[in-house]
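Peer 1:
Residue numbers (our numbering): 1 to 167.
1) Tell me which residues share the same chain as residue 78 and place their Cβ nearer than 7 angstroms to its Cβ, disregarding the 5 neighbours each side in the sequence.
2) Would you call the segment 74 to 89 in contact with the segment 42 to 51, where contact means no fewer than 3 C-beta pairs closer than 8 angstroms?
3) My understanding is that residue 30 touches residue 137, with C-beta atoms under 8 angstroms, so please give their C-beta distance in whole angstroms.
4) In this structure, how does DSSP classify residue 84 when only helix, strand and coil are distinguished?
5) Which residue marks the beginning of the beta strand (DSSP E) containing residue 121, and which one marks its end?
6) Rounded to whole angstroms, what's the CA-CA distance from residue 27 to residue 105? Just pull it up for me.
7) Using a Cβ-Cβ cutoff of less than 8 angstroms, which residues in the same chain neighbour residue 81 once the five nearest sequence positions on both sides are dropped?
8) My output table needs one value for residue 102: the three-state DSSP class, helix, strand or coil.
9) Hey, residue 103 and residue 71 are a contact pair by Cβ (cut 8 angstroms); roughly how many whole angstroms apart?
10) Have a look at residue 1 and residue 14 and give me their C-alpha separation to the nearest angstrom.
11) From this set, 3, 130, 63, which residue's C-alpha is nearest residue 43's C-alpha?
12) So who's on the other strand from residue 136, going by DSSP bridges?
13) When you compare only the Cα positions, how much space is there between residue 4 and residue 64?
14) For residue 135 versus residue 68, is the C-beta distance shorter than 8 angstroms?
15) Would you list the residues sitting across from residue 97 in a DSSP beta bridge?
16) Please report the residue range of the alpha helix (DSSP H) in which residue 42 lies.
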(Lines of atoms letter the chains of each structure in order from A and count residues from 1; the text may use other names and numbers.)
(Lines give C-alpha, C1' and ligand atoms only; values in the text may rest on other atoms or scores of the structure.)
Protein backbone atom coordinates (compact mmCIF):
# COMPACT_ATOMS: atom_id res chain seq x y z
CA UNK A 1 0.00 0.00 0.00
CA UNK A 2 2.86 2.37 0.84
CA UNK A 3 4.37 1.77 -2.61
CA UNK A 4 1.10 2.61 -4.37
CA UNK A 5 0.77 5.85 -2.40
CA UNK A 6 4.40 6.75 -3.13
CA UNK A 7 3.91 5.96 -6.82
CA UNK A 8 0.76 8.12 -7.01
CA UNK A 9 2.48 10.97 -5.19
CA UNK A 10 5.42 10.82 -7.59
CA UNK A 11 3.07 10.88 -10.59
CA UNK A 12 1.19 13.88 -9.15
CA UNK A 13 4.49 15.63 -8.41
CA UNK A 14 5.69 15.10 -11.99
CA UNK A 15 2.43 16.53 -13.32
CA UNK A 16 2.72 19.58 -11.07
CA UNK A 17 6.37 20.21 -11.99
CA UNK A 18 5.72 19.86 -15.71
CA UNK A 19 3.21 22.75 -15.66
CA UNK A 20 4.30 26.40 -15.37
CA UNK A 21 4.61 27.46 -11.74
CA UNK A 22 2.95 30.81 -12.22
CA UNK A 23 0.57 32.29 -14.71
CA UNK A 24 0.70 36.00 -14.09
CA UNK A 25 -0.11 36.95 -17.68
CA UNK A 26 -3.62 38.17 -16.93
CA UNK A 27 -2.72 40.25 -13.90
CA UNK A 28 0.34 42.20 -14.88
CA UNK A 29 1.53 45.29 -16.68
CA UNK A 30 4.94 45.02 -18.31
CA UNK A 31 7.43 47.76 -19.19
CA UNK A 32 9.95 47.51 -22.02
CA UNK A 33 12.53 49.85 -23.56
CA UNK A 34 14.18 48.76 -26.82
CA UNK A 35 17.18 50.81 -27.95
CA UNK A 36 18.10 51.54 -31.56
CA UNK A 37 21.13 49.21 -31.38
CA UNK A 38 23.75 48.01 -28.93
CA UNK A 39 26.15 50.87 -29.65
CA UNK A 40 27.45 52.71 -26.60
CA UNK A 41 25.42 55.88 -27.32
CA UNK A 42 22.22 53.88 -27.88
CA UNK A 43 22.73 51.95 -24.64
CA UNK A 44 23.50 55.19 -22.77
CA UNK A 45 20.28 56.79 -24.03
CA UNK A 46 18.31 53.62 -23.19
CA UNK A 47 19.63 53.73 -19.61
CA UNK A 48 18.75 57.43 -19.28
CA UNK A 49 15.22 56.75 -20.57
CA UNK A 50 14.80 53.86 -18.11
CA UNK A 51 16.06 55.93 -15.18
CA UNK A 52 13.85 58.90 -16.02
CA UNK A 53 10.72 56.88 -16.67
CA UNK A 54 11.29 54.87 -13.51
CA UNK A 55 10.57 57.97 -11.43
CA UNK A 56 7.18 58.27 -13.16
CA UNK A 57 6.22 54.61 -13.35
CA UNK A 58 7.47 52.85 -10.23
CA UNK A 59 4.84 53.85 -7.73
CA UNK A 60 3.52 51.83 -4.84
CA UNK A 61 0.21 50.61 -6.17
CA UNK A 62 -2.25 48.34 -4.46
CA UNK A 63 -3.78 46.89 -7.59
CA UNK A 64 -3.44 46.64 -11.34
CA UNK A 65 -5.92 49.46 -11.98
CA UNK A 66 -3.76 51.93 -10.05
CA UNK A 67 -0.80 50.93 -12.19
CA UNK A 68 -2.83 51.31 -15.40
CA UNK A 69 -4.05 54.74 -14.32
CA UNK A 70 -0.51 55.79 -13.41
CA UNK A 71 0.80 54.81 -16.85
CA UNK A 72 -2.07 56.41 -18.79
CA UNK A 73 -1.99 59.63 -16.76
CA UNK A 74 1.76 59.95 -17.36
CA UNK A 75 1.89 59.33 -21.13
CA UNK A 76 2.43 63.04 -21.89
CA UNK A 77 5.18 63.23 -19.24
CA UNK A 78 6.77 60.08 -20.66
CA UNK A 79 6.97 61.65 -24.12
CA UNK A 80 8.22 64.97 -22.70
CA UNK A 81 10.89 63.19 -20.68
CA UNK A 82 12.13 61.25 -23.69
CA UNK A 83 12.19 64.44 -25.79
CA UNK A 84 14.26 66.15 -23.09
CA UNK A 85 16.74 63.26 -22.86
CA UNK A 86 17.13 63.20 -26.64
CA UNK A 87 17.66 66.99 -26.78
CA UNK A 88 20.22 66.96 -23.94
CA UNK A 89 22.20 64.21 -25.67
CA UNK A 90 21.93 65.54 -29.25
CA UNK A 91 20.24 62.25 -30.08
CA UNK A 92 18.26 62.70 -33.28
CA UNK A 93 16.33 59.45 -33.59
CA UNK A 94 12.60 58.96 -33.55
CA UNK A 95 10.86 56.88 -30.91
CA UNK A 96 7.47 55.29 -30.33
CA UNK A 97 5.63 54.93 -27.04
CA UNK A 98 2.84 52.35 -27.03
CA UNK A 99 0.56 51.34 -24.21
CA UNK A 100 -1.75 48.38 -24.67
CA UNK A 101 -1.33 44.81 -25.81
CA UNK A 102 2.21 44.33 -27.15
CA UNK A 103 4.14 41.22 -28.15
CA UNK A 104 6.87 39.89 -25.86
CA UNK A 105 9.18 36.95 -26.53
CA UNK A 106 9.48 34.28 -23.84
CA UNK A 107 11.59 35.30 -20.86
CA UNK A 108 13.09 33.73 -17.74
CA UNK A 109 12.94 35.99 -14.71
CA UNK A 110 14.20 34.78 -11.34
CA UNK A 111 13.42 31.15 -12.18
CA UNK A 112 9.95 32.02 -13.49
CA UNK A 113 9.23 31.50 -17.18
CA UNK A 114 6.98 33.97 -18.96
CA UNK A 115 5.66 32.58 -22.21
CA UNK A 116 5.80 34.55 -25.45
CA UNK A 117 2.63 36.40 -26.32
CA UNK A 118 0.77 39.68 -26.22
CA UNK A 119 0.74 41.37 -22.84
CA UNK A 120 -0.60 44.60 -21.43
CA UNK A 121 2.44 46.82 -21.44
CA UNK A 122 4.16 50.13 -21.97
CA UNK A 123 6.75 49.78 -24.73
CA UNK A 124 9.27 52.41 -25.80
CA UNK A 125 10.95 51.68 -29.14
CA UNK A 126 13.91 53.89 -30.02
CA UNK A 127 15.00 54.23 -33.66
CA UNK A 128 15.11 50.83 -35.36
CA UNK A 129 14.60 49.07 -31.99
CA UNK A 130 17.21 46.40 -32.73
CA UNK A 131 19.23 46.56 -29.51
CA UNK A 132 19.02 44.49 -26.35
CA UNK A 133 15.91 45.52 -24.53
CA UNK A 134 15.22 46.27 -20.90
CA UNK A 135 12.02 44.83 -19.51
CA UNK A 136 10.34 44.36 -16.19
CA UNK A 137 6.90 44.14 -14.67
CA UNK A 138 5.27 47.25 -13.26
CA UNK A 139 2.46 45.30 -11.63
CA UNK A 140 2.99 43.25 -9.64
CA UNK A 141 6.27 45.10 -9.06
CA UNK A 142 8.97 42.68 -10.20
CA UNK A 143 11.46 45.30 -11.34
CA UNK A 144 13.03 46.01 -8.01
CA UNK A 145 14.45 42.58 -7.14
CA UNK A 146 17.90 42.90 -5.57
CA UNK A 147 20.20 40.64 -7.59
CA UNK A 148 23.32 42.30 -6.24
CA UNK A 149 22.96 40.44 -2.97
CA UNK A 150 22.13 37.17 -4.77
CA UNK A 151 18.74 36.93 -3.11
CA UNK A 152 17.11 33.70 -4.18
CA UNK A 153 13.54 32.56 -3.81
CA UNK A 154 13.29 29.12 -2.27
CA UNK A 155 10.42 26.96 -3.46
CA UNK A 156 9.10 24.19 -1.23
CA UNK A 157 6.74 21.40 -2.12
CA UNK A 158 4.42 19.80 0.38
CA UNK A 159 4.38 16.66 -1.77
CA UNK A 160 8.16 16.33 -1.61
CA UNK A 161 8.05 16.83 2.16
CA UNK A 162 5.43 14.05 2.49
CA UNK A 163 7.44 11.69 0.29
CA UNK A 164 10.63 12.45 2.23
CA UNK A 165 8.86 11.64 5.50
CA UNK A 166 7.73 8.26 4.13
CA UNK A 167 11.30 7.05 3.64
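Virtual Cβ for every residue (Gly too), placed ideally from N, Cα, C.
Peer 2: With the structure as the only source:
1) One-based indexing of the chain shown puts residue 78 at position 78. Excluding sequence positions up to five before and after residue 78, its CB lies within less than 7 angstroms of the CB of 53, 56, 97, all in the same chain and listed in chain order.
2) Judged by Cβ distances under 8 angstroms, the segment 74 to 89 makes contact with the segment 42 to 51, as three or more pairs qualify.
3) Stepping through the chain shown from its first residue, residue 30 is reached at position 30. Stepping through the chain shown from its first residue, residue 137 is reached at position 137. Right, the Cβ-Cβ distance comes to about 5 angstroms (below 8 angstroms), so this counts as a contact.
4) The sequence position of residue 84 within the chain shown is 84, counting from 1. Shown here, residue 84 sits in a helix according to DSSP, grouped into three states.
5) By 1-based counting over the chain shown, the position of residue 121 is 121. Start and end: 117 to 126.
6) Reading the chain shown from its first residue, position 27 is the one you call residue 27. Reading the chain shown from its first residue, position 105 is the one you call residue 105. Between the alpha carbons of residue 27 and residue 105 lies a gap of roughly 18 angstroms.
7) The count along the chain shown starts at 1 and reaches residue 81 at position 81. Leaving aside the five residues that flank residue 81 on each side, the residues in its chain whose CB is nearer than 8 angstroms to its CB run, in chain order, 49, 52, 53, 56.
8) The residue labelled residue 102 in the question sits at position 102 within the chain shown. Looking at residue 102 - three-state DSSP - the assignment turns out to be strand.
9) For this step, residue 103 is matched to residue 103 along the chain shown. For this step, residue 71 is matched to residue 71 along the chain shown. Taking the Cβ atoms as the reference, residue 103 lies roughly 18 angstroms from residue 71, outside the contact range of under 8 angstroms.
10) Sequence index remark: in the chain shown, residue 1 carries index 1 (1-based). Sequence index remark: in the chain shown, residue 14 carries index 14 (1-based). CA-CA distance, residue 1 to residue 14, rounds to 20 angstroms.
11) Indexing the chain shown from 1 puts residue 43 at position 43. Minimum Cα distance to residue 43 is reached at 130.
12) Along the chain shown, one-based indexing puts residue 136 at 136. 31, per the DSSP bridge assignment.
13) Position 4 of the chain shown, counting from 1, holds the residue named residue 4. Position 64 of the chain shown, counting from 1, holds the residue named residue 64. Residue 4 and residue 64 have their alpha carbons spaced roughly 45 angstroms apart.
14) Within the chain shown, numbered from 1, the residue matching residue 135 stands at position 135. Within the chain shown, numbered from 1, the residue matching residue 68 stands at position 68. Their beta carbons are not under 8 angstroms apart, which means residue 135 does not touch residue 68 by this criterion.
15) Stepping through the chain shown from its first residue, residue 97 is reached at position 97. Residue 97 is bridged to 124.
16) In the chain shown, counting from the first residue as 1, residue 42 sits at position 42. Its alpha helix (DSSP H) spans residues 40 to 57.
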